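Beneath this line is the structure, given in structure tokens, with notes to follow.
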Amino acid sequence: MYLLEFYLLFWGISFICVIPTLIVGAIYIIISNKPATNKEEFTIDTMLGIIKNIQNKEAFNAALNQFKSKYKVFNDQKKFDTWINCIKELTNTSYWDTDAIAKFGQELEDANSAHAKNISVAIATVLKTKEKK
């Protein structure tokens with residue numbers, strides 16, 4: 009037990025047994041630390057796509073509630089035209105009546121006083137073309 013060869017053999021065997029453990033641990037750390045995949049950011053363009061693909065009343069109500077919760081107040085001037093198009097698409101659907109559309113327009117005008125005129129013009133334009141159909 010006091011021979012140098014015993015200690016060299018003991019340390020050699022220990023080192024050989026530790027190497028697979030270290031390799032497995034390193035692989036586990038590399039695999040588990042992958043960055044999370046970015047979910048697609050929900051933008052006004054995504055909302056417009058959802059609104060354009062509405063097929064039934066339930067989908068319309070879900071899209072309307074989502075629009076009201078996320079985009080009732082809109083301050084991004086770059087995407088303002090897309091926001092107005094969302095409003096036009098929502099008001100152009102056949103899933104609600106003129107009174108509900110007017111109430112929706114008033115809610116948006118109250119929440120976005122700087123854009124009240126644009127909102128009312130957009131909704132009025134859609135209602136005029138909707139009544140002609």
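Take the position in the sequence shown, starting the count at 1, then add 8; the result is the number in our numbering. Glycine included, every Cβ here is placed at the ideal spot set by N, Cα and C. Since the model is a prediction, treat every value here as computed from it, not as a measurement.
- In the assembly as shown, residue 79 is a buried residue. Its beta-carbon has 16 or more other beta-carbons within 10 Å.
- With fewer than 16 other Cβ atoms from the protein chains shown falling within 10 Å of its own Cβ, residue 25 counts as exposed.
- Linking residue 109 to residue 38 through their CA atoms gives a straight-line distance of about 54 Å.
- Sorting 67, 15, 131 by C-alpha distance to the C-alpha of residue 117 places 131 at the top.
- Around the beta-carbon of residue 34, fewer than 16 other beta-carbon atoms lie within 10 Å, marking it exposed.
- When the alpha-carbon of residue 63 is set against those of 90, 11, 98, the nearest one is in 98.
- Straight-line measurement puts the Cα of residue 71 at about 13 Å from the Cα of residue 53.
- Under the three-state reduction of DSSP output, residue 129 falls in the helix class.
- In this structure, the straight-line span from the alpha carbon of residue 42 to that of residue 23 is close to 29 Å.
- Comparing C-alpha distances from residue 134 to each of 101, 56, 76 shows the shortest one belongs to 101.
- Judged by DSSP in its simplified three-state form, residue 28 adopts helix.
- Within 10 angstroms of the beta-carbon of residue 14 lie fewer than 16 other beta-carbons, which makes it exposed.
- Secondary structure of residue 41 (DSSP, three-state): coil.
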